[in-house]
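Working notes for the structure below.
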Amino acid sequence: GAELVVDNVGVTYGQGAAAHHVLGGLTLKVEPGESVCIVGPSGAGKTTLLRCLSGLSKPTAGTVSYAGQALTGPHSDIAVVSQDYRGSLLPWMRVWDNVAFPLQGRGVKRAQRRRRAEECLASVGLRDVGDKYPWQLSGGMQQRVAIARGLAYDAPVLLMDEPFGSVDAQSRFDLEDLTLRLRRELGITVVLVTHDIDEAVYLGDRVIVLGGRPTGVLDTLTVALGTD
Ligand code: ADP
Ligand code: ADP
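Whatever position you read off the sequence shown (first residue = 1), add 3 for UniProt numbering.
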């Protein structure tokens, strides 16, 4: 993995009188192998920030760079688990195929894709669901499938937007521990958006608080927690 740098980033939605400014010149550096949690009220720009970090959105002002190069689109080192698992899982594909989808473009053979998918599904606590379709699973299970797909990328950077929002409490604890292990054992860089400050403190080496104001001016407070 390499360093992710957010330099003076702002995003403007809409134009003229309807213009709405988000992030207001945010600067942030995420070191390789670091775990950074982003918290803040609804509308503060958490999802917008994650989209910029993933290269899916281009900031209106400032730059986001990875390994010293400005991101101009999705990067093979950066995997994303979006908040909207319903919109991101493909309903006509079986669960295992959804999970293995990122590997298809890399020319990985079907049998090997299947094996990797089952591995990733097992690591999020899902077994024997590979042959089902996403819509045959509960919301919490679908969310775990989306996380499994994020793992299937084998990317050194994993961005997650409220990944545990609709899973039950026990699965949530398991997935939080899985997230800790991703960093500790595999050295994966994690940037995770959550509404839950306890979760942020538990999972983050650092917690970034995005505070929204009606004017769109933002305060950014970094709480350094140290490692463990
Ligand atoms: P959170 O991440 O806090 O759950 P959401 O990302 O779902 O919140 O949305 C926050 C607010 O942004 C909501 O009021 C929603 O209607 C608005 N919003 C999200 N995406 C869009 C969009 N594409 N166009 C307009 N408004 C949006
Ligand atoms: P959060 O994830 O913290 O809730 P978002 O990044 O979803 O915040 O949204 C920040 C602000 O930007 C919100 O006020 C939302 O309405 C607005 N917004 C987000 N996406 C869009 C969009 N595609 N078009 C217009 N406004 C948007």
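We treat Cβ as the ideally placed atom computed from N, Cα and C, and that holds for glycine.
Taking the Cβ of residue 16 as the reference point, at least one heavy atom of ligand 2 falls within a distance shorter than 7 Å. In chain order, 8 place their CB closer than 6 Å to the CB of residue 68, counting only its own chain and leaving out the 5 sequence neighbours on each side. Contact between the stretch 46-61 and the stretch 72-83 is established, with three or more Cβ pairs separated by less than 8 Å.
Checking the 7 Å criterion, the Cβ of residue 42 is out of range of every heavy atom belonging to ligand 2. Assignment of residue 182 by DSSP, reduced to helix, strand and coil, places it in the helix class. For residue 22, there is no enclosing alpha helix (DSSP H), as DSSP marks it with neither H nor E.
Between residue 57 and residue 193, the CB-CB gap reaches or exceeds 8 Å.
Relative to ligand 2, residue 45 has its C-beta within less than 7 Å of a heavy atom. Going by DSSP, residue 65 is part of no alpha helix (DSSP H) but of the beta strand (DSSP E) stretching over 64-69. Residue 48 and residue 25 have their C-alpha atoms spaced approximately 6 Å apart.
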